[in-house]
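Enquirer:
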Amino acid sequence: MRGTHDDDPSPAFTPAPDDVVWDLPGEGEQRVSLLVLPHAGGNAHAYAEWRAYLPADVRLLIGQYPGRGARFAEDLPRDVADLAGPVVAALPAGATDELVVLGHSMGSLVAFEVVRALQAAGRTPRALVASACRAPFLANPAAVHPELLDDDALVAAIKQRGGTDDGILDEPELREIILPAIRADFAIDDVYRCEEAAARVDCPVTVIGGDADPVAPAAALGDWARITDRGFTSYVLPGGHFYFQTRLPEFFAVLASVVGGHVQAPTAV
């Protein structure tokens, strides 16, 4: 695994900022692709630094949702299909040959739908990795109800989850830019639920979470096992909803082993 906290996380190749899927290859031949789907309100920029922590032969792909970044002028998403569908359509040629799909928080539900769409097209991914999220057939136990919150209350809810720079949230002009997309994503996450009979994937599933996550409690992560017969492993790391921000070595050890075709990391349950 290459990259340390002191390394420049900037990718060697900078994608066009309006790309639906950012393509950040490593050095040399790319053995496998890792597609990352961001959390509610998330931006592809937030995950570009992962390039520095992944093995050189792993191609990093990141979904960019509408209503943010260079896609700011696009209509805000109304349901999970608005998030997953364009990503599936925009995947680079050859990227699905050996593909691991990962989502964080709401992004795990988007990742699940991406896997289902690819599976229906006869291009089943190599694995699904869900991070800090309920299983897709369960109702949201931590619904935000953004339609009932004014901006200050919504910002307070975001801060409680972590993962977003408080300086951005406290700046009125920036809040005006980012809050509409966050509201839209939370509204999607609040109501999303797949019928359990249809919540099936034909690939191994790995789930990772934080032991102090109030949004997706570690005790509930095992429910993801019910969507696959191809193998299931769960990992619990110290931390809250954005546990990986303070546990990068352990987190990327899990990812490196998954994209390598096996799951073996320091903290497994």
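Whatever position you read off the sequence shown (first residue = 1), add 19 for my numbering. Glycine is no exception: its CB is placed at the ideal position from the N, C-alpha and C atoms.
Report buried or exposed for residue 232, applying the criterion of at least 16 other Cβ atoms within 10 angstroms of its Cβ.
Expert: Answer is buried; the Cβ neighbour count reaches 16.
Enquirer: So, helix, strand or coil for residue 163, using DSSP?
Expert: Residue state, collapsed to three classes: coil.
Enquirer: So what's residue 256 in DSSP terms, helix, strand or just coil?
Expert: Strand at residue 256.
Enquirer: Using 7 Å as the cut-off, classify the Cβ of residue 250 as near or not near the heavy atoms of the ligand ATP, replying yes or no.
Expert: Questions concerning the ligand ATP fall outside what the structure shown contains, since it holds no ligand whatsoever.
Enquirer: Leaving out five residues before and five after residue 142 in sequence, what residues of the same chain have Cβ atoms less than 7 Å from its Cβ?
Expert: Taken in chain order, the residues that qualify are 115.
Enquirer: Among 52, 193, 60, 86, whose alpha-carbon lies nearest the alpha-carbon of residue 182?
Expert: Checking every option, the nearest Cα to that of residue 182 belongs to 60.
Enquirer: For residue 81, which residues in the same chain have their Cβ closer than 6 Å to its Cβ, ignoring the five residues on either side in sequence?
Expert: The residues are 41, 55, 63, 66.
Enquirer: Does residue 30 come out as helix, strand or coil in the three-state DSSP assignment?
Expert: Residue confidence is low: residue 30 scores 47 on pLDDT, short of 50, so the model does not pin down where it sits. Its coordinate-derived value is still stated next. Three-state DSSP puts residue 30 in coil, outside helix and strand.
Enquirer: Between which two residues does the beta strand (DSSP E) containing residue 187 stretch?
Expert: From DSSP, residue 187 is part of no beta strand (DSSP E) but of the alpha helix (DSSP H) over 185-188.
Enquirer: Mind reading off the beta-carbon distance from residue 146 to residue 213? Whole number of angstroms is fine, and I expect it under 8 Å.
Expert: Contact flag wrong, Cβ pair sits at about 19 Å.
Enquirer: For residue 260, is the classification buried or exposed, using 16 other Cβ atoms within 10 angstroms of its Cβ as the cut-off for buried?
Expert: Looking at its Cβ environment, which holds 16 or more other Cβ atoms inside 10 Å, residue 260 is buried.
Enquirer: For the 8 Å Cβ check, are there 3 or more pairs between the segment 108-127 and the segment 71-85?
Expert: Touching, yes.
Enquirer: Please name the residue, chosen from 68, 74, 39, that lies closest to residue 48 on a Cα-to-Cα basis.
Expert: Nearest C-alpha to residue 48: 74.
Enquirer: Buried or exposed: residue 250, going by 16 or more other Cβ atoms within 10 Å of its Cβ?
Expert: Exposed: under 16 other Cβ atoms inside 10 Å.
Enquirer: Count the other CB atoms within 10 Å of the CB of residue 270; is the residue buried (16 or more) or exposed (fewer)?
Expert: Label assigned to residue 270: buried.
Enquirer: For residue 112, which of helix, strand or coil comes out of DSSP?
Expert: It is coil, neither helix nor strand.
Enquirer: Relative to the alpha-carbon of residue 151, which residue among 255, 72, 97 has its alpha-carbon at the smallest distance?
Expert: Of the candidates 255, 72, 97, the one whose C-alpha sits nearest the C-alpha of residue 151 is 255.
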